[in-house]
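Asks: All letters in the sequence shown, in the order written, are residues 15 to 172 by my numbering.
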Amino acid sequence: MQARYVATRAGHHVDTDQLEPDLVSAKLGLQSLTFNGITDLCPESVRAFRFYITGTLPPDCECVQAVPNSTSVSHIKHGVPEHHVSDLSPENLRSLSKLIQVDVHVFLHALALFERSIDNISDLTGKRIICSSRLADLKIQALRLCQEVSAQPQLCAF
């Protein structure tokens, strides 16, 4: 569902012919963004954005293990009780899979673009602002999800 925001101008208000956005258009939309951050890697994304804006990194800005003390991250629950994907029935999972196939591929692409940005920052500064394990773990999770929900699992790659 998020892919529609980078693939079309319609967002949530789409005609039935745009319910599943075009993957190529969504990837091109991502590539046209000035900055691409990853919510799952929020501290690293904030630091990468800071570098993008200022061209510098603070001295303590290497291999972020956890959310820095200076960054406040909140999660708005909107009154929704705690839940997990394992709570869903197989039928609900199949239905959900149909809705997020393009989104998962777009996320993989966003992750690859973010990794390139991080590598570029590292080349320019000599600092690695993300621990390899955090990035590797997220890539494994994303690939696993892609292979579970995708109609074209052969496209699940970086």
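We treat Cβ as the ideally placed atom computed from N, Cα and C, and that holds for glycine.
#1: So, Val58 versus Arg142, is the Cβ gap smaller than 7 angstroms?
#2: Looking only at its own chain, which residues have a Cβ that is under 8 angstroms from the Cβ of Ile135, when we skip the five neighbours before and after it?
#3: Whole-angstrom Cβ separation of Ala165 and Gln115, contact assumed at under 8 angstroms?
#4: Quick check on Ile144: does DSSP put it in helix, strand or coil?
#5: Taking Cβ to Cβ, would you say Leu44 is nearer than 7 angstroms to Ala171?
#6: Nearest by alpha-carbon distance to Leu55: which of Val94, Lys112 and Ser146 is it?
#7: For Phe121, count the other beta carbons within 10 Å of its own beta carbon; 16 or more makes it buried, fewer makes it exposed. Which is it?
#8: Distance, Cα to Cα, Cys160 vs Leu138?
#9: Which of the three DSSP states, helix, strand or coil, is assigned to Asp74?
#10: Could you have a look at Asn48 and say whether DSSP puts it in helix, strand or coil?
#11: Quick check: Val118 and Val163, are their CB atoms within less than 7 angstroms of each other?
#12: With a cut-off of 8 angstroms on the beta carbons, I'd call Leu113 and Leu102 a contact; round off their distance for me.
#13: Could you work out which residue in Leu107, Glu105 and Gln16 is closest to Glu34 when comparing CA atoms only?
#14: The alpha helix (DSSP H) with Pro104 in it runs from where to where?
Replies: So, from the data block:
#1: At residue 58 the sequence reads Glu, which differs from the Val that was named. In this structure, Arg142 does not lie closer than 7 angstroms to Glu58 by Cβ.
#2: Hits under 8 angstroms: Ala62, Phe65, Leu71, Lys141 and Ile143.
#3: At roughly 6 angstroms, the Cβ-Cβ gap stays under 8 angstroms, so Ala165 and Gln115 are in contact.
#4: Of the three classes helix, strand and coil, the one that applies to Ile144 here is strand, per DSSP.
#5: No; because the gap between Cβ atoms is not below 7 angstroms, this pair is not in contact.
#6: Of Val94, Lys112 and Ser146, the residue nearest in Cα terms is Ser146.
#7: Counting Cβ neighbours within 10 Å, Phe121 comes out buried, since at least 16 surround it.
#8: The C-alpha of Cys160 lies about 32 angstroms from the C-alpha of Leu138.
#9: In the displayed model, Asp74 falls within coil according to three-state DSSP, outside both helix and strand.
#10: Reading off the sequence, residue 48 comes out as Thr, not Asn. Thr48 falls in the coil class under three-state DSSP.
#11: Yes.
#12: The Cβ separation is near 12 angstroms, so there is no contact.
#13: That would be Gln16, whose Cα lies nearest to the Cα of Glu34.
#14: Run containing Pro104: Pro104 to Thr139, per the alpha helix (DSSP H) assignment.
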